[in-house]
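Down below is the structure, laid out as structure tokens.
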Amino acid sequence: MKSTPEGLKQENALAERAAGYWLLGAAVVVLLPHVPRFPVWLSAVLAALFAWRFFMVQRAWPAPNRWWRWSLTALLVFLLYRQYGTLFGRDAGSALLAAMLALKFLELQRLRDYVLSVLLVYFLIVLGFLYSQAMWLVIYLVAVFVLTTATLVRLAVPGARARFALRLAGVLMLQALPLMLAMHLLFPRLQGALWGLPHDAHSGLTGLSEEMHPGSINELSLSEDIVFRAHFQGAVPPPAQRYWRALVLWTTDGKTWTRGLVATDQLDYEAQGIAISYTLTPEPANKPWLPALDLPAQIPPGTRLRSGLVLETTGAVRGRQSLEMSAHTQYRMSGLQENERRAGLRRPDLISPRVQDLATRWRRSARSDADVVSAALTHFRTEKFFYTLEPPALEDDPVDEFLFETRRGYCEHYAAAFVTLMRSAGIPARVVTGYQGGELNPAGNYLIVRQLDAHAWAEVWLPGQGWARVDPTAAIAPERIEYGTEGIRRLLARGAALGGMPSETLRDLLALGAFEHARQQLRLSWDAANTAWQRWVLSYDQARQRELLAQLGFEDVNPLRLLGLLALLIALVMGLYVMLTRRRVPRPDPVQRAYFTFCRKLAQIGLVRAPQEGALSFAGRGARQRPQLAVAIHAITHFYLRLRYGGNEDAAARREFTRQVASFRARHG
Amino acid sequence: MTQDPETVLGTRQIYILPTRHGLLFLLVLVTLALAAVNYNNALAYLLTFLLAGMAVVSLLHAQRNLLKLRVTAAGGDPVFAGEPAALRVCLHNDSGARYALRLESTPATLTPFDVPAHDTRCVVLSIPTLKRGWLECPLLTLASVYPLGITRAWSRRLTLPARCLVYPKPADDAPWQTAAGTEGESQPGVMQDGDDFTGLRAYQPGDAPARISWKTLARGQGLHTKEFRAPRAESIWLDWEAFAPHDVEMRLSLLCRAALEAEDSGLAYGLRLPGVVLEPDNGTSHRHRCLEALALHEIHA
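Line by line, the protein sequences are chains A and B. For what it's worth, the numbering used here labels the leading residue of the first sequence as -19, then goes sequentially. For what it's worth, the numbering used here labels the leading residue of the second sequence as 2, then goes sequentially.
Printed below as a string of structure tokens:
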């Protein structure tokens, strides 16, 4: 094992070559998810650089010299700056790191170059998470992470086999998991970014608009994007109660409905029954309104209540946050504020005489406001109104054309027409938009609400009852409420006539084929896993941290205490590991111990037994070098060998041996 | 010397610090943490924590990689000054496998090597010698960057009780015949060592250990000395005073050369040094005794 600097270099070179292929592999797989986001020219350049590296290793292609490398680096940095206008931030940063990694591959010479490249790969893994936190990506990137760590192992342990490196990387990762968990739970979380969040963090998101006009909700009816998930502590409310209010629209010009009143409001109503508690986890959105189950019972931190008892987040919904919410589905209100009365009675300037006549007729024959409401709903049910997701276009006066000519529409048509009629009849009314329904995932006892669940309904002020929800869509197409937009779509596709069908016929019509059913189950299970992941990992924030610690009995937390607690926990885990992985060295038996004592005594006079030296040859050497001790050395050595290898020696012989060693005097023997 | 023949690496002997690569790793961790905080990205947090956790766990692996290793060293055969001395350093592993161990001494660093479970691996340190006497094992450091290369665990200054005897450098040419006081014919009847084994006799104190019959001792038949006879012609004396005009080291070198040549020519030769007299004899062990006396002249063990 004698070695020279050349030998050292050669061995290192071999180790690095072996690790080099792995590094190349790790670099390629970590960049794959990034490639679709890179400009095409950059992907091409990266591929060319990696290919060059491959041939440098495989075919001994020449490495570019320093000037080439620097020129190439400068050129790439310049091009990236022109492409992105910056070199920092998520997009430009990942492109720059990818380019640096590929360039580094052209000068992999020293160990440091390899280690630097491995660290760059770690960086790119994290950058991948800034784009997507989907579970498949996590699984993929964890695999890349293991490969990268194994590369680091191969660089540190020359000659390490592939399996050894992968296993060690896996072991290190598994052992680090409890520490990761401790840090995840206890590392002090900050609220808000350190410096500005890039404007491109959430772009291209659609959602409920703040104004309603014919066709506005229909745009959403095809979108399966998830708006939010709601986990219920107890029973999930039945479909008829799943009204999620997001916006209250007061003002209309006869075509478009807008908010009008946006003043801050107070939760001022008389609740009946106990509140339903749930956790709302909205998907990132660039709109402030927060759909809440009718009616919200509390205002969660980070939100405020606007006029009409709708919630709005105070900041943009950044990242994923879960909100603890509660709702009362039974309630009664008293006292109509003057501005609400005025806004709720204001008729549009554009109102046709036919519409006004209809309202006036109902008003006259009714004894109360409630009678007017039921007259209107009866009208929708008995006249030839149809629910359709593909209504004919409405031109100048949508309400008039809808009520008297086309009579085909969906929620927003019915809601707008109904509120206009109520106001014409002198009953304060308003349009509420939000979502209705949601898909129940039995795997996790939660509702998934998608954009296609967007809905519009009406609220009218009835004396003694307050604002009461009236959903004209439910009158014309109860199936919309019971089975959701998806159900309606399937029923319409099979040519069913909505309203008044026996429920058995409905169930038959809605039954899914075996394949569709399996697909739905799979989709729901996947969503349940994804949602658990989102609740416990992705949306873990300062509030959740506080809540968890409070449950554990730590009420007053500050960052310093958290760090102290974290250090304690890490020390505990490490202590456990130390105990579990103690090196167990067998204790030598008494005869061997005595013989070692004898060797120690000889070592004191300079006779050191070489590690590989047998007892006999050591005795021979010792006797030669210290003739005056020869007899004693040989006597003890032969006694030792007889005890150790002779077998049937009793305890007395062993004691005698120990005694002889004890009385052996090397110094002046 | 009150030194254990073996050094067992305990927790107190093992130190761990980050390497330069480790500091780089730390820098990356901090940067990743900043990105995680700024983007409030849970997975970026998790991965940063995982990396940090792995760094912490790797400390334990680094320590365990050296823990309870037994280190022993042994001096090799004596060498003449100027020749490289060989010191054999062995690492005995009484438990699971150890990886990428590196022995560092001032002159050279050896390639990393592994020690399999319950096994021993030895490394021969080749150390240049300049002067006669005892060559002590240099201070050694056993180090390893296992498992990730971001930490370096090492056991500082292993003082191993191994040493190697360095004979004086033989002078190029020694007029040894002049140094030799010839004593004429050997007296008849005086027993001299030779190659012909003639039998066993009872052991007497002072008999050369090389002549003791260990086989009979092992058989439990008591101590016996083997007898050899050789018709030895003459014996000479190598005398310190004969090289009087030279300085001490030169005299030792000349005597060394003279002893080697006398040995080669099969003469019985004796050595007279101040305070040491070795009766004329011939043979490997006599040669060693003479050269050892020369090597350790005025050196206290």
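The beta-carbon is built from N, C-alpha and C at its ideal position, and this holds for glycine as well.
- Contact of residue 284/B with chain A is not assigned, every C-beta pair being separated by 8 Å or more.
- Between residue 284/A and residue 244/A, the C-beta spacing is below 8 Å.
- The beta carbon of residue 36/A lies closer than 7 Å to those of 43 in the same chain, with the five residues before and after it left out.
- Note on geometry: alpha-carbon atoms of residue 221/A and residue 464/A lie some 13 Å from one another.
- Residues of chain A whose Cβ lies closer than 7 Å to the Cβ of residue 45/B are, in chain order, 106, 109 and 110.
- Taking a C-beta distance under 8 Å as the contact criterion, residue 118/B and residue 134/B do not qualify as a contact pair.
- Going by C-alpha positions, residue 224/A is about 24 Å away from residue 506/A.
- Taking every protein chain shown into account, the CB of residue 99/B has 16 or more other CB atoms within 10 angstroms, so this residue is buried.
- Taking CB atoms only, residue 79/B has no neighbour in chain A less than 8 Å away.
- Under the 10 Å beta carbon count, residue 451/A is surrounded by 16 or more other beta carbons and is classified as buried.
- A Cβ-Cβ separation of about 13 Å leaves residue 251/A out of contact with residue 273/A under the 8 Å criterion.
- Burial state of residue 345/A is exposed, judged by a 10 Å Cβ sphere holding fewer than 16 other Cβ atoms.
- Near chain B, meaning a CB-to-CB distance below 7 Å, the residues of the segment 549 to 577 of chain A are 550, 554, 557, 558, 561, 563, 564, 565 and 566.
- Using a Cβ-Cβ distance cut-off of 8 Å, the segment 424 to 440 of chain A and the segment 383 to 392 of chain A are in contact, since at least three pairs of beta carbons, one from each stretch, lie closer than that value.
- Within the same chain, and ignoring the five residues on either side of residue 191/A in sequence, the residues whose Cβ sits closer than 7 Å to its Cβ are 236, 237 and 238.
- The secondary-structure analysis by DSSP pairs residue 262/A across a beta bridge with 208/A.
- Within its own chain, the residues whose Cβ lies closer than 7 Å to the Cβ of residue 3/A, once the five positions on either side in sequence are excluded, are 94, 97, 98 and 131, listed in chain order.
- Taking residue 501/A as reference, the option from 548/A, 544/A and 424/A with the minimal CA-CA separation is 424/A.
- Ranked by Cα distance from residue 267/A, the options 21/A, 294/A and 287/A are led by 294/A.
- Take residue 16/B, set aside five residues on each side of it, and the residues of its chain with a beta-carbon closer than 8 Å to its own are 154, 155, 156 and 157, in chain order.
- Here the alpha carbon of residue 101/A sits roughly 15 Å from the alpha carbon of residue 133/A.
- DSSP places residue 347/A in no beta strand (DSSP E); its state is neither H nor E.
- Remark: three or more beta-carbon pairs, one from each stretch, lie closer than 8 Å, so the segment 165 to 174 of chain B and the segment 124 to 140 of chain B are flagged as touching.
- Cβ-Cβ distances below 7 Å link residue 581/A to 644 and 646 in the same chain, with the five nearest sequence neighbours on each side left out; the list follows chain order.
- At a cut-off of 8 Å between beta-carbon atoms, residue 155/B makes no contact with chain A.
- By the beta-carbon neighbour count (other beta carbons within 10 angstroms, threshold 16), residue 407/A is buried.
- Membership of residue 144/A in the alpha helix (DSSP H) is indicated by the continuous run 142 to 166.
- The beta carbons of residue 517/A and residue 158/A sit about 15 Å from each other, so the pair does not count as a contact at 8 Å.
- Within a 10 Å sphere around the beta-carbon of residue 150/A sit fewer than 16 other beta-carbons, which makes this residue exposed.
- Annotated as proximal: residue 171/B and residue 254/B, with beta-carbon spacing under 8 Å.
- In the structure shown, the three-state DSSP call for residue 14/A is coil.
- In this structure, the straight-line span from the alpha carbon of residue 112/A to that of residue 261/A is close to 17 Å.
- Looking at the backbone, the Cα of residue 328/A and that of residue 234/A are separated by about 5 Å.
- Between residue 159/B and residue 72/B, the C-beta spacing is below 8 Å.
- The beta carbon of residue 388/A sits closer than 7 Å to the beta carbons of 366, 368, 371 and 372 from its chain, once the five residues preceding and following it are set aside; these are given in chain order.
- Listed in chain order, the non-local C-beta contacts of residue 292/B below 6 Å within the same chain comprise 168, local neighbours out to five positions each way being set aside.
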